[in-house]
Amino acid sequence: MRLTKMLFVTQREDPADAEVRSHALMARAGFIQKLAAGIYVYGPMMWRVLRRIENIVREEHDRQGCQEMLMPAMQPKELWVESGRWDRYVSEGILFHFKERKGSEVCLGPTHEEVITAFVRRQIQSHKQLPQILYQIQTKFRDEIRPRFGLMRGREFIMKDAYSFDVSAAAMAESYALMREIYRSIFTRCGLRFTPVEADSGAIGGSGSEEFMVDADTGEDAIAVCRATGYAANVEKAVSRIAAAPEPATDVAMHKEATPGARSCDALVEMFPDLPLQRMLKTVLYRAVFGDTEQSVAVMCRGDREINEVKLLNHLGAVALEMADEALVRKATGAEPGFAGPIGLDSEVRLLADHSVEGVQGFLCGGNETDTHYLDVYFGRDLEQPETADFGTVQAGDLMLDSDDAIEITRGIEVGHIFQLGTKYSEAMGANFNNEQQKLEPMWMGCYGIGVSRVAAAAVEQNHDDGGMIWPLPIAPYAVHLVQMKAGNEEQDALADEIHDSLEAAGVDVVWDDRPKVSPGAKFKDADLVGVPLRIVVGRDAGERKVEWSLRAGGGEREVLAVEEALKRAQELCAEAGR
RNA sequence: CGGGGCGUGGCUCAGCCUGGUAGAGCGCUGCGUUCGGGACGCAGAGGUCGGAGGUUCAAAUCCUCUCGCCCCGACCA
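Under the working numbering, residue 643 is the last one in the first sequence; the count climbs by one each step, no gaps.
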């Protein structure tokens with residue numbers, strides 16, 4: 065493809081609204097253009113990338129016997145009422161929904177469990193038809209509370225979603241294991257460095273769940289990993305062992321301490337320099353929402369630890385969890401925010417504690433009175449230890465539960481998530497099959513998602529430098545960037561034309577910068593920005609049929625090669641990358 | 001939802017406080033020179049200053065409303 069025939073526009077400056085590199089670089093290179101918050105046009109280059117990713121996704125699914133289909137983006141409310149998810153998705157505000165002409169309500173699909181289950185319950189009647197894995201690649205719609213980071217968190221995005229249907233929990237686990245392998249193949253083939261992690265299953269529900277994280281410091285998710293054991297889990301889910309708190313030296317009676325203005329552990333540490341942070345217990349207040357009802361919850365944890373709201377939400381079985389606002393704090397504690405504690409709390413408040421409080425004695429905690437804390441408090445003596453469970457967030461340096469190996473915290477971008485759903489949707493929606501004994505049973509389901517457009521963003525987030533994007537060869541918009549220094553020079557014209565045609569004939573896609581009157585510097589800058597992985601420069605040595613060969617990722621290292629050698633290398637690398 | 005900020009040629013921004021001819025750089029068009037890391041000269045095109053209303057002789061500028069966009073926070077006591 066000749067650049068002079070393409071719609072190719074680059075910008076020298078980052079767009080004002082780009083927060084992350086992938087967004088800024090894609091926008092500068094014309095790959096994407098924002099249409100509204102979280103809604104983007106994919107330009108021709110971007111679409112080539114997306115199609116490449118889609119094709120890898122397709123090939124790996126098809127290879128394992130999954131079947132592609134396509135479901136509607138518009139879905140009737142009734143289906144979502146059947147599954148019981150309508151209220152939750154509407155109240156969380158992430159569902160785009162509207163009334164159509166006749167007045168019935170419709171939403172734009174954020175995911176397709178309801179539709180696929182409705183489809184399958186009429187198609188499948190017998191155990192003989194199982195197992196099945198169906199998938200589609202399609203635009204999804206989620207009215208994100210705060211769309212950001214370009215393609216990473218958009219309100220409209222391309223997703224591959226797959227659904228498995230099985231006769232039993234064991235069979236479901238087999239489908240799940242197969243999908244896990246498919247996912248590993250896909251991300252490996254995309255040329256990405258990634259980490260599969262144990263995950264919380266969130267709003268979708270169900271039991272087992274893993275996320276596939278593209279390793280990147282700018283990722284939105286924190287991951288707990290243990291190099292020694294191979295453990296890896298999203299911190300929302302991760303569990304660990306923590307060092308015990310130091311024991312108090314003396315046994316003193318509980319008493320009040322005046323702590324004017326000390327609303328945080330930081331302030332208390334300054335006020336009580338001899339008291340270790342591990343012997344300060346904080347009490348955090350939440351408002352838990354259950355469908356129609358609400359409940360105030362107070363959770364204690366050690367001063368050096370943090371509460372994990374996902375674990376808390378799951379333990380409570382709540383629909384949503386919010387930090388208590390000031391009014392609620394006043395009602396629950398009778399004090400200004402900052403002085404909540406377990407003693408003398410409003411009786412309406414459910415008191416819980418994180419495991420980190422276990423064994424902590426002689427501690428400091430909020431006094432439920434403005435500017436007051438209790439000191440030298442003992443569980444068992446001054447109050448009963450509340451219902452205790454794991455509500456803690458794993459921190460770097462924590463130990464594995466069953467070994468002395470340390471855990472570290474890294475970051476990643478979630479590009480894939482697989483779930484064992486069980487019979488949650490099939491039971492709710494009556495997706496049953498006849499088993500061998502003529503008995504009706506609900507199908508066992510799994511669901512599996514890949515954020516196709518997010519994979520592209522993550523690839524750039526993981527692979528770029530100051531000059532621009534560096535696409536992994538398998539998903540790059542073109543394999544070869546042919547840079548002609550001086551268009552109009554006869555030798556160069558002839559040689560570039562020959563290289564271009566040879567590569568295309570060999571099935572290697574090439575973009576040929578044949579722009580006249582564009583300076584070499586500008587051409588190199590544009591090539592760096594666009595990030596096509598293989599580069600062939602036709603310039604001063606064209607007369608001897610020599611070109612300059614380099615890799616975009618190669619840090620400026622260049623070689624002068626005979627044309628044939630450069631062509632051979634390009635073909636070999638493409639074959640290796642499976643393109 | 002709460003708080004803050006910003007809307008001015010395609011892009012990045014100045015001008016607004018203190019009302020009076022709409023600006024710069026990049027990009028774009030034409031001609032010429034240049035040609036291995038964002039070249040240069042000359043000549044041009046392109047903006048109802050987000051929208052509506054108001055104040056005023058006069059509004060990008062002041063006031064009100066509205067729409068859009070961005071950031072921060074989702075109070076860890």
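Note that beta-carbon positions come from the ideal geometry of N, C-alpha and C, so glycine has one too.
Any chance you could list the beta strand (DSSP E) runs of at least 3 consecutive residues sitting entirely within the segment 536–565, in chain order? 544–548
Give me the Cα-Cα distance between A292 and G405, rounded to the nearest whole angstrom. For the purposes of this step, residue 292 is taken as residue 228 along the first sequence, with counting starting at 1. For the purposes of this step, residue 405 is taken as residue 341 along the first sequence, with counting starting at 1. When rounded, the distance between both Cα atoms is 39 Å.
In angstroms with no decimal places, state the Cα-to-Cα distance between Y512 and A88. Residue numbering aside, residue 512 sits at position 448 when the first sequence is read from its first letter. Residue numbering aside, residue 88 sits at position 24 when the first sequence is read from its first letter. Taking the straight line from one Cα to the other gives about 30 Å.
Where D469 and A297 are concerned, what is the direct C-alpha to C-alpha distance, given to the nearest angstrom? Along the first sequence, read from residue 1 onward, the residue named residue 469 stands at position 405. Along the first sequence, read from residue 1 onward, the residue named residue 297 stands at position 233. C-alpha separation (whole angstroms): 15 Å.
Assuming L645 contacts F183 under a Cβ cut-off of 8 Å, what Cβ separation, rounded to an integer in Å, is found between them? Past the boundaries of the shown model lies residue 645; the chain is included only from 65 to 643, so the question cannot be answered.
Can you list, in chain order, the residues of its chain whose CB lies under 8 Å from that of D605, leaving out five sequence neighbours each side? Residue mapping note: residue 605 aligns to position 541 of the first sequence, counting from 1. Correct list, in chain order: V611, E612 and V624.
Hey, which unbroken runs of the beta strand (DSSP E) at 3 residues or more fall wholly within the segment 313–383? 319–322, 344–354 and 357–366
According to DSSP, is I188 helix, strand or coil? To locate residue 188, count along the first sequence from 1; it is residue 124. If DSSP states are grouped into helix, strand and coil, I188 belongs with coil.
For E274, count neighbouring Cβ atoms within 10 angstroms of its own Cβ and tell me buried if that reaches 16, exposed if not. If you number the first sequence from 1, residue 274 lands on position 210. That one is buried.
Please name the residue in V154, L439, G532 and M277 whose C-alpha comes closest to that of H319. Within the first sequence, numbered from 1, the residue matching residue 319 stands at position 255. Out of V154, L439, G532 and M277, L439 has the C-alpha closest to the C-alpha of H319.
Y295 (DSSP reduced to helix, strand or coil): Looking up residue 295 in the first sequence gives position 231. Reduced to three states, the DSSP call for Y295 is coil.
Endpoints, the alpha helix (DSSP H) within which H125 is located: Your numbering for residue 125 matches position 61 in the first sequence. P108 to R127 is the span of the alpha helix (DSSP H), which, as asked, contains H125.
When the Cβ atoms of the segment 551–566 are set against those of the segment 520–527, are three or more pairs found closer than 8 Å? no
Along the chain, where does the alpha helix (DSSP H) that runs through G390 open and close? The count along the first sequence starts at 1 and reaches residue 390 at position 326. Checking the sequence shown, residue 390 turns out to be Glu, not Gly. Taken as a continuous stretch (DSSP letters only), the alpha helix (DSSP H) holding E390 covers E390 to T397.
Going by C-alpha distance, which of M344, R66, D126 and R210 is nearest Y247? The sequence position of residue 247 within the first sequence is 183, counting from 1. With distances taken between Cα atoms, Y247 lies closest to D126.
Count the C-beta pairs between the segment 328–344 and the segment 449–459 that are closer than 8 Å, then say yes if the count reaches three, no if not. no
Pair within 8 Å by beta-carbon distance, R253 and P538: Position 189 of the first sequence, counted from the start, is the residue given in the question as residue 253. Position 474 of the first sequence, counted from the start, is the residue given in the question as residue 538. Cβ atoms of R253 and P538: closer than 8 Å.
Beta-carbon spacing of Q202, M223 below 8 Å: Numbered from its first residue, the first sequence carries residue 202 at position 138. Numbered from its first residue, the first sequence carries residue 223 at position 159. Yes; because the gap between Cβ atoms is below 8 Å, this pair is in contact.
Mapping the DSSP letters down to three states, classify H176 as helix, strand or coil. On the first sequence, position 112 is the one that residue 176 refers to. Coil.
Could you name each continuous beta strand (DSSP E) segment of 3 residues or more that falls completely within the segment 225–278, going from the start of the chain to the end? 258–262
Measuring only the C-alpha atoms, how far is R122 from E132? Locating residue 122 in the first sequence gives position 58, where the first residue counts as 1. Locating residue 132 in the first sequence gives position 68, where the first residue counts as 1. Looking at the two C-alpha atoms, the distance is approximately 8 Å.
On the CB-based measure, 16 or more other CB atoms within 10 Å of its CB, does T314 come out buried or exposed? Along the first sequence, read from residue 1 onward, the residue named residue 314 stands at position 250. With fewer than 16 other Cβ atoms within 10 Å, it is exposed.
Sequence-distant residues of its chain with Cβ nearer than 8 Å to A591 (five each side left out): Looking up residue 591 in the first sequence gives position 527. Here the set comprises H545, V547, D577, R599 and R616.
Going by Cα to Cα distance, which pick from Q139, K69, F221 and L99 is closest to L114? Taking the first residue of the first sequence as 1, we reach residue 114 at position 50. Ranking the options by Cα distance to L114, first place goes to F221.
I need the DSSP call for M138, collapsed to helix, strand or coil. Taking the first sequence and counting its residues from 1, one reaches residue 138 at position 74. In this structure, M138 counts as strand in the three-state DSSP scheme.
Okay, do the segment 417–435 and the segment 393–404 touch, 3+ Cβ pairs below 8 Å being the bar? yes
Just reading off the beta strand (DSSP E) that E505 is part of, what are its end residues? Indexing the first sequence from 1 puts residue 505 at position 441. That run of the beta strand (DSSP E) goes L504 to P506.
Classify M387: buried if its beta carbon has 16 or more other beta carbons within 10 angstroms, exposed otherwise. Working through the first sequence from its first residue, we reach residue 387 at position 323. It counts as exposed.
Tell me which residues share the same chain as Q359 and place their Cβ nearer than 7 Å to its Cβ, disregarding the 5 neighbours each side in the sequence. Taking the first sequence and counting its residues from 1, one reaches residue 359 at position 295. Excluding residues within five positions, the ones whose Cβ falls inside 7 Å are A352 and R414.
Hey, would you say W652 sits closer than 8 Å to V572, going by beta carbons? Outside the displayed span of the chain (65 to 643) sits residue 652, for which this structure offers no information.
Determine which residues share a DSSP beta bridge with S614 and list them. Indexing the first sequence from 1 puts residue 614 at position 550. Looking at the DSSP assignment, S614 forms a beta bridge with R599 and R622.
For V594, the nearest candidate out of G532, P340, V145 and R112 (CA to CA): In the first sequence, the residue the question calls residue 594 occupies position 530. Of G532, P340, V145 and R112, the residue nearest in Cα terms is G532.
Should the segment 195–215 be called in touch with the segment 94–113, which here means at least 3 C-beta pairs below 8 Å? yes
According to the neighbour-count rule (16 or more other Cβ atoms, all chains shown, within 10 Å of its Cβ), is F455 buried or exposed? Indexing the first sequence from 1 puts residue 455 at position 391. So F455 counts as buried.
Which of helix, strand or coil does DSSP assign to K98? As a working mapping, residue 98 is identified with position 34 in the first sequence. Reduced to three states, the DSSP call for K98 is strand.
Pick helix, strand or coil for A630, following the three-state DSSP scheme. Walking along the first sequence from the start, residue 630 turns up at place 566. Helix at A630.
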